[in-house]
Each structure stands twice: as structure tokens, then as C-alpha cells.
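Here the numbering used here is used: position 106 in the sequence shown is 136, and no number is missing along the way.
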Amino acid sequence: MMRSIWTIPATFIFVLSLLMLGGCSNDAETDAATTLSHTQQGWHAYKLGDYTQALLSFERALNIDPEFADAHNGVGWSHLSLSLTLPLVQEAFQNALRYDASNADAWVGLANVLYLRYKDSSDFTDAIRAIDNALQADAQYLYRHDYDSNAELYALKAACYLYLGESQLAKQEVDKTLKIDAENKTAIVLQNMLNE
């Protein structure tokens with residue numbers, strides 16, 4: 031008799047524990063789904079050119095999961111499109127890469143920031159390295175916005191090499207660009223500069 035009295039509370043506690051664990055799992059799943067939803071909304075707003083709304087959606091995602099790399103990436107591109115300060119943009123891309131080093135889009139964003147920042151020649155060298163990392167990273171992240179093909183990445187590398195005084199390497203990148211896109215305006219301008 032005594033044993034059955036203890037069995038009832040023990041069973042109740044066991045069942046309650048299972049329910050609580052199941053609830054935690056659902057909360058985590060709900061958080062992940064909400065984070066993903068906010069991030070998708072952010073990219074949708076970004077594609078529509080509503081960078082402020084995109085930024086808000088990405089920040090909502092990060093409020094739920096501060097380590098969600100693609101939301102950091104979205105913050106970076108939104109800040110860049112809103113012409114906000116480059117250190118803020120750079121921090122967002124670096125955060126994205128800290129949580130997912132295979133995010134090719136974040137590497138491209140970082141390369142753009144380094145090119146635009148140009149504190150010294152190491153920024154161009156680092157931008158080239160970032161582009162190389164993008165080209166070797168997860169291709170699912172490439173070409174979602176702002177750039178359409180490797181041609182634009184090669185053109186950015188060519189510009190970096192030109193500013194570094196590496197004319198031969200710049201020419202090689204221009205040639206790669208024009209092989210993919212014969213009408214790439216950046217590559218044509220760079221080609222004309224190299225021919226002067």
C-alpha cells in the first residue's frame with residue numbers, strides 16, 4: 031500500500047517533467063521558426079528596396095537568436111544600402127562570418143566595406159581575400175541581391191589590384207570579368223584605365 035502511494039506522485043512528477051521538456055523543445059522550435067521568418071521578411075523588404083523595414087526585420091530576428099548569421103548579414107547589407115557608418119556595417123558582416131564562415135554573401139559584403147573604407151592598402155588586400163573566400167564558400171548564399179554573377183566579384187578584385195598598383199593582376203581579373211560579361215561597365219572602365 032505504501033509503495034502505491036509513492037508511485038502516484040513519482041509518476042506525476044515524471045509526466046510533468048516530460049511535458050516541460052516537450053514544451054522547451056517547442057519553444058526552441060518556435061524561436062527558430064520565428065527567427066527564420068523575420069530573416070525572410072527582411073530579405074523580402076530588402077529586395078523591394080525598403081532597407082529600413084529590412085533592417086527592423088533582421089534586428090527582430092537577432093533579438094530572438096543573436097547568433098543567427100544570415101540576420102547579421104542582412105543587417106550589414108541594410109546598413110550598407112542605407113549608407114550608414116562603415117564600422118557598423120563591417121561589424122555586422124564580421125558577426126555573420128563569426129557564426130557562419132561559409133556565408134559567401136557576408137564575405138562579399140565585407141569585401142565591399144573594405145574597398146569603400148580604404149584606410150590603407152591593407153584594406154584592398156583584405157577585400158581581395160574576402161572575395162576569394164566568397165568564391166570558395168557556400169554558393170547558396172551568392173547572387174541573392176546587389177550582384178548577379180562572379181563577373182562583379184572579379185571586377186571588384188580588379189579594382190582592388192589596380193589601387194594596389196598590381197596592373198597585371200588587375201588585367202587578369204578584368205579579363206575574367208569580360209569573359210563572363212562582355213558589357214560589365216566597371217570592367218570596361220578599369221580596362222580603359224589600364225590601357226592608358
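Each residue gets a CB set at the ideal place from its N, CA and C atoms; glycine is no exception.
For this session: Classify Lys-187 as buried or exposed, calling it buried when 16 or more other Cβ atoms lie within 10 Å of its own Cβ.
Result: buried
Exercise. The alpha helix (DSSP H) spanning Asp-153 covers which residue range?
Worked result: 151 to 166
Exercise. Which value, in whole angstroms, describes the spacing of the CA atoms of Lys-77 and Asp-130?
Worked result: 22 Å
For this session: To the nearest angstrom, report how far apart Cys-54 and Leu-127 are at their CA atoms.
Result: Annotation note: pLDDT 47 at Cys-54 (below 50); position unreliable, no value reported.
Problem set entry | In chain order, each beta strand (DSSP E) run of at least 3 residues that lies wholly inside the stretch 62 to 132 | none
Exercise. With 16 other CB atoms within 10 Å as the buried threshold, where does Asp-61 fall?
Worked result: exposed
Exercise. Nearest-angstrom Cα distance between Leu-49 and Ile-161?
Worked result: Legend: pLDDT at Leu-49 = 44, less than 50; position of this residue unreliable, no value from coordinates given.
For this session: Return helix, strand or coil for Asn-178, following the three-state DSSP convention.
Result: The amino acid at residue 178 is misidentified as Asn; the sequence shows Asp. Asp-178: coil per DSSP, three-state reduction.
Problem set entry | Through-space distance from Leu-66 to Tyr-156, alpha-carbon basis | With the sequence shown as reference, residue 156 is identified as Asp, and Tyr is not the correct amino acid for it. Rounded to the nearest angstrom, the two C-alpha atoms are 30 Å apart.
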